[in-house]
Amino acid sequence: MRPPRLVEFVDAGYPPEALAARREGRVVLRLTIDVEGRVTQAEVVGAAGEGFDEPARQASLRFRFEPALRGGAPVASRILYTYEFRLPPPEAGAAPGPEAGSSSGPEAGATPGPERSGAGAVAGPNAGGGPFRSPEPAPAAREVTVHGVTPAERLRQSAQAVTVVETEQAKRQTADLGEVLARVGGVGVRRSGGLGSDTQFSLNGLTGDQIRFFLDGVPLDVAGYPFGIANVPVNLVERVEIYRGVVPIRFGADALGGAVNLVTDQRVRGTGASASYQVGSYDTYRYTVGARHLHEPSGFFTRVNGFFDDARNDYPMHLDEVPGEGGRVGPARVHRFHDAYRAWGGGVEAGFVDRPWARRLLARAFVTDYDKQWQHGVRPRGAPYGEVTSGESTAGATLRYEHVLGRGVSLQAVAGYAYGRATFVDVSECLYDWYGRCRRPTNPRQGERNPGNADDQVFWKHTGFGRAQLGWQFSPEQAVRVSVSPTLVTRSGDERRQRPEDRDPLTSGRHLFTLVNGVEHELDLFEGRLENIAFAKQYLQTARSEEPSYGGAPPVRRERDTLRFGLGDGLRYRVARWLYAKGSYEWATRLPRPDEVFGDAAFVVQSLDLKPETSHNLNAGLAAEARPAGAGAVRLEVNGFLRDVDNLIMLLVQSNFRASKYENVYSARSLGLETNLGWVSPGEYVALDGNVTYQDFRNTATEGTYRDNEGERVPNRPYLFANGSARLQFRGVVGPDGDVALAWHTRYVHEFFLAWEGAGLAGSKDVVGSQLLHSLALTCLARGRATASSTIEVQNLTDARAFDFFGVPKPGRTFFFKATLEI
Numbered sequence: 001m002r003p004p005r006l007v008e009f010v011d012a013g014y015p016p017e018a019l020a021a022r023r024e025g026r027v028v029l030r031l032t033i034d035v036e037g038r039v040t041q042a043e044v045v046g047a048a049g050e051g052f053d054e055p056a057r058q059a060s061l062r063f064r065f066e067p068a069l070r071g072g073a074p075v076a077s078r079i080l081y082t083y084e085f086r087l088p089p090p091e092a093g094a095a096p097g098p099e100a101g102s103s104s105g106p107e108a109g110a111t112p113g114p115e116r117s118g119a120g121a122v123a124g125p126n127a128g129g130g131p132f133r134s135p136e137p138a139p140a141a142r143e144v145t146v147h148g149v150t151p152a153e154r155l156r157q158s159a160q161a162v163t164v165v166e167t168e169q170a171k172r173q174t175a176d177l178g179e180v181l182a183r184v185g186g187v188g189v190r191r192s193g194g195l196g197s198d199t200q201f202s203l204n205g206l207t208g209d210q211i212r213f214f215l216d217g218v219p220l221d222v223a224g225y226p227f228g229i230a231n232v233p234v235n236l237v238e239r240v241e242i243y244r245g246v247v248p249i250r251f252g253a254d255a256l257g258g259a260v261n262l263v264t265d266q267r268v269r270g271t272g273a274s275a276s277y278q279v280g281s282y283d284t285y286r287y288t289v290g291a292r293h294l295h296e297p298s299g300f301f302t303r304v305n306g307f308f309d310d311a312r313n314d315y316p317m318h319l320d321e322v323p324g325e326g327g328r329v330g331p332a333r334v335h336r337f338h339d340a341y342r343a344w345g346g347g348v349e350a351g352f353v354d355r356p357w358a359r360r361l362l363a364r365a366f367v368t369d370y371d372k373q374w375q376h377g378v379r380p381r382g383a384p385y386g387e388v389t390s391g392e393s394t395a396g397a398t399l400r401y402e403h404v405l406g407r408g409v410s411l412q413a414v415a416g417y418a419y420g421r422a423t424f425v426d427v428s429e430c431l432y433d434w435y436g437r438c439r440r441p442t443n444p445r446q447g448e449r450n451p452g453n454a455d456d457q458v459f460w461k462h463t464g465f466g467r468a469q470l471g472w473q474f475s476p477e478q479a480v481r482v483s484v485s486p487t488l489v490t491r492s493g494d495e496r497r498q499r500p501e502d503r504d505p506l507t508s509g510r511h512l513f514t515l516v517n518g519v520e521h522e523l524d525l526f527e528g529r530l531e532n533i534a535f536a537k538q539y540l541q542t543a544r545s546e547e548p549s550y551g552g553a554p555p556v557r558r559e560r561d562t563l564r565f566g567l568g569d570g571l572r573y574r575v576a577r578w579l580y581a582k583g584s585y586e587w588a589t590r591l592p593r594p595d596e597v598f599g600d601a602a603f604v605v606q607s608l609d610l611k612p613e614t615s616h617n618l619n620a621g622l623a624a625e626a627r628p629a630g631a632g633a634v635r636l637e638v639n640g641f642l643r644d645v646d647n648l649i650m651l652l653v654q655s656n657f658r659a660s661k662y663e664n665v666y667s668a669r670s671l672g673l674e675t676n677l678g679w680v681s682p683g684e685y686v687a688l689d690g691n692v693t694y695q696d697f698r699n700t701a702t703e704g705t706y707r708d709n710e711g712e713r714v715p716n717r718p719y720l721f722a723n724g725s726a727r728l729q730f731r732g733v734v735g736p737d738g739d740v741a742l743a744w745h746t747r748y749v750h751e752f753f754l755a756w757e758g759a760g761l762a763g764s765k766d767v768v769g770s771q772l773l774h775s776l777a778l779t780c781l782a783r784g785r786a787t788a789s790s791t792i793e794v795q796n797l798t799d800a801r802a803f804d805f806f807g808v809p810k811p812g813r814t815f816f817f818k819a820t821l822e823i
């Protein structure tokens with residue numbers, strides 16, 4: 001690394017009052033310098049008063065530097081810089097004249113003026129002569145911090161097939177995490193309503209359980225967030241890592257289509273706190289808080305965080321089929337009335353950092369709870385629900401250990417336990433209409449989804465998990481890592497409306513043990529120009545189930561054991577400093593879930609011969625990041641992908657229509673292209689971003705249930721969508737270090753079929769039409785000893801009719817306000 005070097009000094013001008021009183025001053029500034037050598041931020045950290053501070057700060061904003069270098073490449077940096085105001089010694093018999101206040105340097109035969117000097121580790125351009133002189137650095141200015149590649153940028157430029165989304169700006173805006181992820185190329189986030197609604201996440205065409213989700217490397221549902229990734233508070237996440245089809249061994253997951261890892265605040269230095277408050281349409285409220293503290297002498301570290309979400313989701317909808325007076329059915333505008341969502345949770349982390357015996361030893365305990373009301377089934381047709389509810393409570397703890405064991409050997413390990421209790425209640429005797437009115441039939445039967453079949457269910461889930469990775473850097477260019485990831489899940493339940501003489505299928509105990517082992521070799525050649533990561537995986541799963549029997553007989557045991565292998569490789573080659581190419585491949589596997597194998601002993605029958613889903617995942621692309629002189633920064637990415645999937649699992653209705661069964665029904669191929677383009681102007685006053693994704697996901701089965709649909713697009717999957725954004729930033733509007741930013745986001749989704757393309761007549765096919773949605777956000781940001789922001793945002797600006805699923809309207813135009821504070 002090489003620190004920045006001052007090449008263009010700007011004279012601040014001596015404050016007239018200080019000059020008249022012959023006072024000197026020293027101002028210590030913290031300067032943030034971008035990759036082009038411009039000073040983007042100047043903060044006074046050592047004030048001199050007497051009118052010295054602001055002139056020194058304003059002058060330093062016009063300095064120019066040779067940027068800091070890391071490995072020969074320019075990087076952003078932050079330095080401490082001392083600006084000194086010193087008076088010349090008065091000449092004998094001469095009174096100070098106007099020359100003494102001159103901002104010009106000493107000239108031959110002229111009376112020297114006051115000196116303004118740059119100190120610290122930054123050398124002046126003409127040390128020892130010229131317009132100013134660099135004195136010995138002040139003690140406060142000896143420290144120089146050079147920012148190398150951030151963890152996010154390091155991942156982007158690695159051989160891994162990963163997209164990194166940093167949430168710095170999203171934390172200040174009101175869009176939730178689902179909306180933030182939906183703006184990423186290749187990612188689809190489809191929702192059945194507002195906050196807390198069912199969410200379907202897709203990545204390059206694959207969706208559902210084919211994608212695995214993590215929080216700091218721990219499975220998301222056992223890390224305290226059982227309600228899905230879209231509803232995780234964005235202010236508790238620092239960045240999101242999206243692994244496209246090729247998943248590193250450290251996650252220990254049987255992911256078919258990729259993985260998403262939410263990374264929380266990893267800072268352990270100093271003391272800090274943050275909070276956010278959000279309010280919006282349809283009685284939406286969201287709160288987050290967090291704090292951390294490190295006791296430097298002992299290395300004892302503590303962190304706490306919490307959140308609370310509440311939304312009524314009673315937005316208006318336009319429905320085509322609403323029963324009216326006299327039984328007539330027709331279009332109507334109604335409000336959702338039973339779709340509320342409430343969630344809360346918190347975590348406490350404590351331990352030691354940077355000790356001789358451990359780099360990290362941290363224990364975390366957490367608890368979360370959510371409750372959700374349900375308005376309708378898959379589609380809002382017929383009678384809505386007025387009392388159907390579900391919810392889940394989760395509590396658990398994790399222990400994380402990281403250390404360098406010596407001679408290039410390092411260990412990272414995490415282990416934990418989580419307990420979950422989920423409920424589903426459908427016992428109402430009412431029949432509700434779309435206006436929220438309860439009408440009791442003459443012979444009421446409990447249960448709104450299926451009258452006469454009430455449900456009052458509770459489920460218990462125990463999960464123990466571990467992740468351990470041992471690494472050995474046996475040369476500067478090569479490293480080997482081995483990972484072991486065991487997980488044990490047990491589940492049982494109780495149907496509390498079950499008659500004692502009947503068999504309760506929920507009491508069946510289900511035990512699932514999964515062990516994913518991996519080994520990888522990393523190679524770095526030609527001074528970092530080429531990086532390659534080759535890996536192999538082993539998947540072991542044992543599933544056990546006990547089915548209740550009739551007449552007091554012992555339970556019937558069901559067993560299934562699976563052993564599979566996988567392999568992959570990731571390659572990155574840097575063609576030039578601003579251009580690199582990537583390619584990656586994995587033969588991936590997803591193991592069936594216990595419910596898919598054993599059924600539920602009631603409506604879903606067992607399928608012991610179910611095969612794992614497998615896929616050949618391939619990615620290839622180019623990325624360019626250039627900074628043409630005076631033209632800002634340009635970023636371009638082009639990526640192609642292939643997902644060749646076999647033995648896809650689906651739930652099919654049996655021929656007698658009395659039960660369903662999971663089966664390996666078809667194979668499919670997803671072939672697509674993503675393009676991402678971004679530009680940031682000099683000074684970061686304007687930023688433009690956009691991406692377009694096309695994915696052709698087609699059925700390739702030549703036998704089985706869907707052989708007649710060979711060659712057709714897989715239904716209910718958008719195949720063409722795009723995102724765009726523009727941000728205008730005005731500096732110095734809210735105080736000297738405050739910004740005002742106006743951000744616009746737009747999304748386009750092309751129409752797609754809900755069923756197979758060849759099914760039905762041309763005019764009778766169910767189609768989700770094309771959609772174009774916009775949002776606009778105005779943010780005010782003030783920096784100082786604390787950083788505060790406030791945002792007003794309008795989502796679905798044009799009040800367009802929006803659907804992610806056929807017949808399920810999303811909210812129209814909505815208004816939000818959000819305030820954040822970070823200390």
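Just so it is clear: in the sequence shown, position 468 is 468 by our numbering, and no numbers are missing. Don't be surprised by glycine CBs; every beta carbon is placed ideally from N, CA and C. Computed from a predicted model, the values in this text were never measured in an experiment.
Here Phe598 carries a helix assignment [DSSP, helix/strand/coil].
Contact between Phe641 and Leu618 is confirmed by a C-beta separation of about 7 Å, below the 8 Å threshold.
Within the region 168-254, the complete beta strand (DSSP E) runs of at least 3 residues fall at 187-191, 199-203, 211-215 and 239-244. With a cutoff of 8 Å on beta-carbon distance, Gly351 and Tyr417 are scored as not near each other. Counting C-beta pairs with one atom in each stretch, the region 267-281 and the region 215-224 have fewer than three that are closer than 8 Å, which means they do not touch. Here Arg244 is near Gly258, since their CB atoms are less than 8 Å apart.
Rounded to whole angstroms, Leu720 and Arg669 show a C-alpha spacing of 16 Å. Check the Cα spacing between Thr702 and each of Asp646, Thr174, Tyr748 and Gln695: the tightest is with Asp646.
Contact check for Arg38 and Arg64: beta-carbon distance about 7 Å, within the 8 Å limit, so the pair qualifies.
Annotation: Val27 to Val7 spans about 20 Å, alpha carbon to alpha carbon. Contact between Leu294 and Thr264 is absent: CB atoms are separated by about 16 Å, not below the 8 Å threshold. Among the bridge pairs identified by DSSP, Arg544 is matched with His511 and Glu559. In its chain, beyond the 5 residues on either side, Cys430, Leu431, Tyr432 and Asp433 have a beta carbon closer than 8 Å to the beta carbon of Arg439. In the three-state scheme derived from DSSP, where H, G and I count as helix and E and B as strand, Asn453 is classed as coil. Taking the Cα positions, Val165 is about 15 Å away from Ser158.
Annotation for Lys818: Thr174, Gln278 and Thr791 place their beta carbon closer than 6 Å to its own, counting only its chain and skipping 5 residues before and after. Val634 places its beta carbon 8 Å or farther from that of Leu652. Judged by DSSP secondary structure, Gln373 falls within the beta strand (DSSP E) whose first and last residues are Ala358 to Gln373. With a threshold of 16 other beta carbon atoms within 10 Å, Phe730 falls short and is exposed. Going by DSSP, Ala755 is part of no alpha helix (DSSP H) at all; its letter is neither H nor E.
For Gln498, there is no enclosing beta strand (DSSP E), as DSSP marks it with neither H nor E. For Arg156, the uninterrupted alpha helix (DSSP H) run begins and ends at Pro151 to Arg156, by DSSP.
CA-to-CA, the gap between Leu742 and Arg2 works out to about 36 Å.
Of the candidates Ala759, His745 and Gly735, His745 places its Cα closest to the Cα of Gln169. Classified as buried, Tyr81 has 16 or more neighbouring CB atoms from the shown chains inside 10 Å of its CB. Unbroken beta strand (DSSP E) runs of no fewer than 3 residues, entirely contained in the region 767-815, are found at 771-782, 787-795 and 803-805, following chain order. A check of alpha carbon separations from Glu822 across Leu177, Asp283 and Arg292 identifies Arg292 as the nearest.
Of all alpha-carbon atoms in Ser77, Leu778 and Arg336, the one lying nearest the alpha-carbon of Gly386 is that of Arg336. Here Leu720 carries a strand assignment [DSSP, helix/strand/coil]. In the three-state reduction of the DSSP assignment, Asp339 falls in the coil class. When the Cα atoms are used, Ala311 and Thr284 turn out to be separated by approximately 4 Å. If you keep only unbroken beta strand (DSSP E) runs of at least 3 residues inside the region 573-631, you get 579-590 and 613-626. Within the same chain, Cβ atoms closer than 6 Å to the Cβ of Leu563 are found at Leu540, the five residues on either side in sequence being excluded. With respect to the C-alpha of Val458, the residue from Ala722, Arg172 and Thr389 having the closest C-alpha is Thr389.
The C-alpha of Leu525 is placed about 55 Å away from the C-alpha of Ser508. Looking from the CA of Lys461, the closest CA among Gly471, Asp494, Ser475 and Arg467 belongs to Asp494.
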